[in-house]
């Protein structure tokens, strides 16, 4: 039981450190999104490809916002 608690604590600490690095690098990722990215990388997803997908989704989101703004 103590081992599970220690493992959980280590995971939380690791995520906190990763989130702080993410914040310093101004990635714009929240903790939930960062956690999903970490899990995807742990499952073998290429981090560079994942980064590209996130960038493209952000571009598409911004383009959609602009289109919707002009429709007002």
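In the UniProt record's numbering, the protein residues as written are 1 to 72.
Note that CB positions come from ideal geometry on N, CA and C, so glycine has one too.
Note that the structure is predicted; figures quoted are calculated from it, not measured.
Exercise for review: Compare the Cα-Cα distances from residue 54 to each of 35, 72, 29 and report the closest residue.
Suggested key: 29 is the residue among 35, 72, 29 whose C-alpha sits nearest the C-alpha of residue 54.
Practice item. Inspect the beta-carbon positions of residue 37 and residue 57 and report whether they are closer than 8 Å. Key: No. Outside cutoff.
Check your understanding: Secondary structure at residue 24, three-state DSSP: helix, strand or coil?
Key -> DSSP places residue 24 in helix when its eight states are reduced to three.
Practice item. Taking only runs that begin and end inside the region 26–58, name each unbroken beta strand (DSSP E) of 3 or more residues, in chain order. Key: Here no run is fully enclosed.
Point to revise | Collapsed DSSP secondary structure at residue 65 in the structure displayed | key: Secondary structure of residue 65 (DSSP, three-state): helix.
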